[in-house]
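Trainee: Residue numbers (the working numbering): 2 to 851. I'd like to ask you about the structure that follows.
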Amino acid sequence: MSAQKRTTSGVLGGLLAFLGMSVAAGVLVTAAVTPAIAVTGMATTNSINLFENLPSYLEIGDLAQKTNIYAVNNDGSPLLLASFYEQDREEVGWDSISQFTKDAAVAGEDPRFYEHGGVDIQGTVRGALFTALGKTTQGGSSITQQYVKNVLVQKAELSAKTEAEKTAAYDKATETTADRKLKEMRFAIGLEKKYSKNQILQGYLNIAGFGGRVYGIQAAAQYYFGVNAKDLNIEQSAALLAIVNNPEKFRLDQPDSKTNGAATVVKGAPVPYAATKERRDYIIDQMYKYKKITKEQHDASIAAPIAPAIHQPSTGCSTAGGSAYFCDYVYWTILNDPAFGKNQDDRLTTLKRGGLDVYTTLDLDLQAAAEGAINDNVPQVDPRFDVGSSAVSVQPGTGRVLAMAQNKTYSQDETVLASGGQFSAVNYNTDFDYGGSSGFQPGSTYKTFTLAEWLKEGHSLNETLDARVRSNWGTFQDSCNGPQATPGWSPKNDEGGGGGVWTALYATQNSENTGFVAMAKQLDLCGIRKTAQSFGVHRADGNPLQQGPASILGTNEIAPVTMAAAFAGMAASGMVCKPIVIDKITKQDGTTITPPSADCAQSVDPKITAGMQYAMQRVMTAGTATASYGRTSPKVPMIGKTGTTDNNEATWMSGASTKVATVVGVYNASGHTNLRNTYINGTQAAVIRHVIWPKIMSVANAKYGGDAFPQVDSSSLKSVSATIPDVRGKSIQDAQSIIEGAGFGFADGGQQDSELPAGQVSGTNPSGNAAKGSVVTVYTSNGSLVLLPNAVGQDEGTARGTLNQFQIKKQDGDVTDPNQDGKVIATDPAAGAATKPGSQVTITVGKLKK
C-alpha cells in the first residue's frame with residue numbers, strides 16, 4: 002500500500018505501532034548491549050522486566066524431512082525408488098554447504114549477524130519505521146530471528162493434520178503483531194546463548210523455504226540447479242538466498258510468472274526471472290561490499306544470467322517406474338503398521354515428515370526380469386478385453402518380496418487415470434487393504450491345499466481314487482458348517498471325458514478336477530480351509546475364506562502375493578512367512594525402526610510338505626507345467642502347479658525352487674473373455690504364463706540356485722489295500738453306502754443271474770482285498786436262479802422227483818458198497834449250486850461192480 006493511500010487513522014496506528022516497537026527496541030538495546038542484565042535479572046525498568054518474563058527457551062526439534070524408499074544394488078549401494086514428503090528437505094552439515102552460500106545468507110539477510118546477540122537493533126528499528134510510515138515493508142529480522150520464526154512455523158504445522166489446519170497454524174505463527182515479534186526476539190537472544198553462530202546459520206539454511214515444497218539448502222540446490230549444496234557457486238547461492246526473501250514470488254520454476262518479471266525486456270531481450278535477478282544482484286553486491294568475493298567474481302556473477310536446471314524430485318511411487326507397484330506396497334505396509342503410528346493419519350505423517358530411509362527387499366535383477374517378461378508378452382491395453390497380468394516373487398524361509406510387476410503404468414492422478422486403460426492405481430498383486438484389487442480366483446493352484454490335507458489325514462499319493470465324472474457328488478463332510486450337499490454340481494476335467502480311476506499322484510500331476518473332488522469327498526472341508534490358512538492364505542477382500550465343495554477348485558479370490566508366499570512356504574518345508582517388503586528403516590539420527598515382521602513359523606509338518614514337493618515336482622517334469630519347466634534354464638529342483646479358472650478367464654503358473662517362489666497370472670482384470678480363444682501377438686493368451694514364468698525363474702535360478710527337496714516319507718507313497726465289505730443280500734443303496742464308507746469307489750454293474758431275491762446284491766467284482774480307493778462293481782440279483790436240491794442218497798425215482806424243475810440226464814457210476822447200488826451218488830451241478838430252472842442236471846446212479 003502506498004503512503005498516499007493511507008488514511009489518517011492508518012498513519013496514526015502505524016506511528017503508535019512504531020512507538021511500541023521503539024519501546025521493545027529499547028528493551029532489546031539494553032539486553033543486547035548489556036547481556037548480563039538479561040541473563041542475571043538485574044534489570045530495573047518495567048520494560049526489561051516485561052521482556053524478561055517472556056519465555057527464552059526454544060526447543061529445536063527434528064525438521065520435517067522426506068522419507069526415501071530404496072532398493073539395494075548387488076554391490077550394496079542404494080537405489081532411490083521414490084520419496085514421500087510435504088516438505089522436500091534433506092538436512093546437511095556445516096561442511097556440506099558452500100561457503101558462498103553462507104556468505105550470501107549473511108551479506109544479504111543480516112550483515113551484522115556475527116556481531117549482534119540475536120537481534121539486530123538497527124535493522125529492527127528501520128523495519129518498524131518503514132512499516133509505520135507506509136513505505137515498503139521491511140522485515141528487519143536477524144537470521145537468528147528468521148530461524149526462530151521458521152522453527153515456530155514448523156512446530157505449528159507439524160501439529161496440524163489437514164491442509165486447513167496447516168494454513169491456520171501458519172497464519173497464527175506468522176501474524177504481524179508486536180507480541181509475536183517480541184517473543185521471537187526473546188527466543189533469538191536465548192538461542193544465541195545456547196548455540197554458536199555457525200550452528201544457527203546452518204539451522205537457518207536447513208529450515209528455510211525455497212518456494213513450493215522445497216525446503217532447506219540441499220533440496221533447493223538439487224531442485225533448481227542439480228548440484229549439491231556444497232557445490233553451489235556465487236550466482237547460484239545468491240539466487241537461492243534471493244528466493245528466501247519471498248519464496249513464492251522469487252521461485253525459479255515458474256518462468257511465466259508475471260510477479261517475477263516474466264515480461265521484463267532489457268535492450269530488446271527478455272530477462273528471465275527479472276525480479277529474482279534484481280534481488281540476486283543485490284546480494285552479490287552485498288557480498289562484494291563485505292569483502293566476501295573479489296571484484297572479478299562480482300562482475301562475472303552479475304553478468305551471469307539466472308539459468309535454473311530444474312530436477313524434479315522423486316515424489317511418490319510414480320517415480321519408481323516399473324517398480325512403482327512394489328513401491329506402492331511399501332507405502333501401504335507403512336500405512337497399515339501400528340509401529341509407524343496409532344492410526345493411518347499418524348502413519349502418513351510419519352511417512353511424509355519423518356525423514357526415514359526405507360531399504361526394501363526388492364531384487365533389481367528379478368524385478369527387471371519380471372518387468373521385461375510382462376512388457377514383452379502382454380500389452381497394457383487390448384481393445385477386446387481388459388487384459389491383466391502380474392508377477393510376484395517371494396523368498397522361501399524369509400517372506401521377502403523380491404519382485405512385483407504388472408502390465409500397467411502406475412498412477413494416482415485422477416486425470417492420468419482417466420486418460421487410458423494403460424494406467425492403473427490398483428496393484429493386482431496385493432490385498433485390497435494394501436492398494437490392491439479384491440483378488441483373483443487362483444483356479445487349480447488352490448488344489449495344493451487339498452493335497453496337503455490329504456497327506457495330513459494319512460492318505461497316500463498312491464492311493465486310488467474313483468475320479469469318474471458324475472452328476473451328483475452327494476454330501477461332503479464339514480466339521481465347521483455341517484454336511485454340504487452339492488445337487489447339480491458336476492465339475493468336468495480339462496481334457497473332457499468321463500474321468501477315471503486314478504491315484505492322487507496322477508490327479509495332482511495332471512490337475513484332474515474330479516480327482517481332487519474325490520479326494521475332498523474323503524476329507525473335511527473345514528480341514529482343507531484350515532490347511533490353506535496354515536500356509537497364510539486369506540481372501541484379498543478381507544472376508545473369510547469360503548470352504549464349500551467348489552472352493553477346492555480355486556473359487557476364493559486371492560491376491561497373487563499371498564499365493565506366492567504360500568508356495569514359498571511349501572518350498573521351505575512348511576516354514577510359512579508373511580510377505581514383507583522392508584529390510585531396514587533408519588532415522589536421520591542413525592537410529593533404526595524395527596520393520597514389520599514376517600512372523601515366520603513352522604506352520605506345516607515337513608513330512609506333509611515333502612509329500613507335496615514330491616507330487617509337485619512331477620507336475621513340472623511330467624504334468625501340466627512342463628511348458629514352464631522346459632523353458633527354464635538353468636534348471637534346479639522345482640515344484641509347481643498350474644491353474645485355470647472357469648471359462649478360462651484367468652490362467653496361472655505358480656512354482657518355486659528352495660530359493661525363490663514365483664506366481665504369474667494372465668487374466669481378465671474385469672469382464673469375461675475366454676483366454677483359450679484369444680490370441681495376443683499370435684500366442685494363445687492362456688499359455689503366455691508359461692513364457693513369463695520361466696523368464697523370471699531362469700534369472701532366479703542363475704542367481705540363487707536351488708537345493709534338492711527333502712526325501713519323501715514312505716508313508717506318503719504306500720500302496721493302501723483294504724477288505725471289500727460283503728454286501729450280498731443288501732439293497733443296492735445300502736451296498737453303495739457301505740462300499741464308499743470303506744474307502745472304495747462304487748459302480749452299479751446291473752443285474753446278474755442269482756438265487757437271491759430280485760433286487761438284492763448278489764456279488765461284487767473284485768471281492769476280498771483290493772487297493773483302497775479302487776472301484777468296486779456291485780451286481781444285483783434278477784431272481785432267475787434257484788439252489789439245486791440235494792438228491793444224493795436217493796434212488797433214481799425219488800431223485801427225479803426231487804429235481805423235477807430240471808432236465809435230468811442219468812449216468813452210471815461204479816460202486817463197491819452194496820448200499821450205494823441204485824442210489825444217486827453225485828449230481829452236476831452239485832447240491833446247493835445256484836442253477837437256472839429247466840437246465841440240465843446230470844445224476845450219477847451207483848452200479849455195483851461185479
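Idealized CB from N, CA, C, for every residue including glycine.
Could you name the residues of the same chain whose beta carbon sits closer than 6 Å to that of L242, not counting the 5 residues immediately before and after it, in chain order?
Mentor: Within the sequence shown, the letter at position 241 stands for residue 242. Counting only Cβ-Cβ distances below 6 Å, and skipping sequence neighbours, we find A105, A106, G109 and I284.
Trainee: Spell out the partners DSSP gives P79 in its beta bridges.
Mentor: For the purposes of this step, residue 79 is identified with residue 78 of the sequence shown, where counting begins at 1. For P79, which the question treats as bridged, DSSP gives the partners V73.
Trainee: Tell me whether the beta-carbon of G555 lies closer than 8 Å to the beta-carbon of Q485.
Mentor: Along the sequence shown, read from residue 1 onward, the residue named residue 555 stands at position 554. Along the sequence shown, read from residue 1 onward, the residue named residue 485 stands at position 484. Not a contact, by the Cβ cut-off of 8 Å.
Trainee: How about G641 and V620: are their beta carbons less than 8 Å apart?
Mentor: For this step, residue 641 is matched to residue 640 along the sequence shown. For this step, residue 620 is matched to residue 619 along the sequence shown. Contact: yes.
Trainee: To the nearest angstrom, how far is it from the Cα of L676 to the Cα of I244?
Mentor: For this step, residue 676 is matched to residue 675 along the sequence shown. For this step, residue 244 is matched to residue 243 along the sequence shown. Each residue's alpha carbon lies about 58 Å from the other.
Trainee: When the Cα of R90 is compared with those of S717, V215, P758 and S491, which residue comes out closest?
Mentor: Position 89 of the sequence shown, counting from 1, holds the residue named residue 90. The option with the nearest alpha carbon to R90 is V215.
Trainee: Flag this pair as touching only if the segment 376-391 and the segment 407-423 have three or more C-beta atom pairs under 8 Å; answer yes or no.
Mentor: yes
Trainee: Which residue spans inside the segment 612-665 form an unbroken beta strand (DSSP E) run of at least 3?
Mentor: 640-645 and 651-657
Trainee: From the DSSP output, in three-state form, read off P380 for me.
Mentor: If you number the sequence shown from 1, residue 380 lands on position 379. In the structure shown, P380 sits in coil (DSSP, three-state: anything other than H, G, I, E or B).
Trainee: Kindly give me the distance between the Cβ atoms of S768 and S755, rounded to whole angstroms, as I take these residues to be in contact under 8 Å.
Mentor: Looking up residue 768 in the sequence shown gives position 767. Looking up residue 755 in the sequence shown gives position 754. Incorrect: roughly 14 Å between the Cβ atoms, too far for contact.
Trainee: Hey, quick one: how far does the alpha helix (DSSP H) through W887 stretch, first residue to last?
Mentor: This structure gives no information on residue 887, because the portion of the chain shown stretches from 2 to 851.
Trainee: Alpha carbon to alpha carbon, what distance is there between K636 and S439?
Mentor: Counting from one through the sequence shown, the residue named residue 439 turns up at place 438. Counting from one through the sequence shown, the residue named residue 636 turns up at place 635. S439 and K636: Cα-Cα distance of roughly 34 Å.
Trainee: Quick one: grab the DSSP three-state call for K855.
Mentor: Not covered by the structure: residue 855. The range shown for the chain is 2 to 851.
Trainee: Taking only three categories from DSSP, how would you classify W95?
Mentor: What you label residue 95 is simply residue 94 of the sequence shown in a count that begins at 1. Of the three classes helix, strand and coil, the one that applies to W95 here is helix, per DSSP.
Trainee: Please return the same chain residues whose Cβ sits closer than 7 Å to the Cβ of L849, not counting the five positions on each side in sequence.
Mentor: Counting from 1 along the sequence shown, the entry for residue 849 is found at position 848. Closer than 7 Å at the Cβ level, and outside the excluded window around L849, lie V816, P819 and D822.
Trainee: Measuring alpha carbon to alpha carbon, tell me which of A800, L183 and S671 ends up nearest A832.
Mentor: As a first step, residue 832 is located in the sequence shown; it is residue number 831 there, counting from the start. When only C-alpha atoms are compared, the closest one is A800.
Trainee: Could you tell me whether the Cβ atoms of S722 and A687 are closer together than 8 Å?
Mentor: Translated into the one-based positions of the sequence shown, residue 722 becomes position 721. Translated into the one-based positions of the sequence shown, residue 687 becomes position 686. Against a cut-off of 8 Å, the Cβ pair of A687 and S722 comes out as no contact.
Trainee: Between T828, K531, T659 and L352, which lies nearest to D479 when the distance is taken from Cα to Cα?
Mentor: Along the sequence shown, read from residue 1 onward, the residue named residue 479 stands at position 478. For the residues T828, K531, T659 and L352, the minimum Cα distance to D479 belongs to K531.
Trainee: Can you tell me whether H312 is buried or exposed? The criterion is at least 16 other CB atoms within 10 Å of its CB, across all chains shown.
Mentor: As a position in the sequence shown, residue 312 is number 311, starting the count at 1. With fewer than 16 Cβ atoms within 10 Å of its Cβ, H312 is classed as exposed.
Trainee: Whether or not the segment 397-413 and the segment 369-376 are in contact is what I'm after, with contact meaning three or more pairs of Cβ atoms, one per stretch, closer than 8 Å; do they touch?
Mentor: yes
Trainee: Among A599, A569, A270 and P561, which residue has its Cα nearest to the Cα of A651?
Mentor: As a working note, residue 651 is residue 650 in the sequence shown. The candidate whose alpha carbon is nearest that of A651 is P561.
Trainee: Less than 6 Å between C-beta atoms, sequence neighbours within five positions excluded: which residues of the same chain meet that for Q737?
Mentor: Here residue 737 refers to the residue found at position 736 of the sequence shown. Excluding sequence neighbours, Q737 sits near F747.
Trainee: Put L462 into one of helix, strand or coil per three-state DSSP.
Mentor: By one-based count along the sequence shown, residue 462 stands at place 461. L462 falls in the coil class under three-state DSSP.
Trainee: Using C-beta distances below 7 Å, list every residue in its chain close to K195, excluding the 5 sequence neighbours before and after it, in chain order.
Mentor: For the purposes of this step, residue 195 is taken as residue 194 along the sequence shown, with counting starting at 1. Closer than 7 Å at Cβ, skipping near neighbours: no residue.
Trainee: Classify D749 as buried or exposed, calling it buried when 16 or more other Cβ atoms lie within 10 Å of its own Cβ.
Mentor: Taking the sequence shown and counting its residues from 1, the one referred to as residue 749 is at position 748. Per the 10 Å Cβ criterion, exposed.
Trainee: Hey, is the segment 59-73 in contact with the segment 356-368, meaning 3+ C-beta pairs nearer than 8 Å?
Mentor: With the rule of 3 Cβ pairs closer than 8 Å, the segment 59-73 counts as touching the segment 356-368.
Trainee: Measuring only the C-alpha atoms, how far is I739 from V502?
Mentor: Locating residue 739 in the sequence shown gives position 738, counting from the first residue. Locating residue 502 in the sequence shown gives position 501, counting from the first residue. Distance from the CA atom of I739 to the CA atom of V502, rounded to whole angstroms, is 19 Å.
Trainee: For L16, is the classification buried or exposed, using 16 other Cβ atoms within 10 angstroms of its Cβ as the cut-off for buried?
Mentor: Looking up residue 16 in the sequence shown gives position 15. Low local confidence applies: a pLDDT of 42 at L16 is under 50, so the model's placement there is unreliable, and no value is given.
Trainee: For G847, collect the residues of the same chain with a Cβ closer than 6 Å to its Cβ; drop the 5 residues on either side in sequence, then sort them by chain order.
Mentor: The residue labelled residue 847 in the question sits at position 846 within the sequence shown. Excluding residues within five positions, the ones whose Cβ falls inside 6 Å are G814, V816, Q821, D822, K824 and I826.
Trainee: What are the partner residues of I335, as DSSP defines its beta bridges?
Mentor: In the sequence shown, counting from the first residue as 1, residue 335 sits at position 334. Note: I335 sits in no beta bridge, so no partner.
Trainee: In or out: V267 buried (at least 16 other Cβ within 10 Å) or exposed?
Mentor: Translated into positions along the sequence shown, residue 267 becomes position 266. Its Cβ having fewer than 16 others within 10 Å, V267 is exposed.
Trainee: Are Q761 and G730 close, meaning C-beta to C-beta below 8 Å?
Mentor: By 1-based counting over the sequence shown, the position of residue 761 is 760. By 1-based counting over the sequence shown, the position of residue 730 is 729. Cβ distance < 8 Å, so Q761 and G730 count as in contact.
Trainee: Under DSSP, the beta strand (DSSP E) around T780 begins and ends at which residues?
Mentor: For the purposes of this step, residue 780 is taken as the residue at position 779 of the sequence shown. It is Tyr, not Thr, that sits at residue 780 in the sequence shown. Per DSSP, Y780 belongs to the beta strand (DSSP E) from V776 to S782.
Trainee: Can you tell me whether R252 is buried or exposed? The criterion is at least 16 other CB atoms within 10 Å of its CB, across all chains shown.
Mentor: Along the sequence shown, read from residue 1 onward, the residue named residue 252 stands at position 251. By the 10 Å Cβ count, R252 comes out buried.
Trainee: Alpha helix (DSSP H) containing A321: first to last residue?
Mentor: On the sequence shown, position 320 is the one that residue 321 refers to. Careful: A321 lies outside any alpha helix (DSSP H) and carries neither H nor E.
Trainee: Can you give me the Cβ contacts of S658 inside the same chain, cut-off strictly under 6 Å, excluding the 5 residues immediately before and after it?
Mentor: For the purposes of this step, residue 658 is identified with residue 657 of the sequence shown, where counting begins at 1. Correct list, in chain order: V637, M639 and G707.
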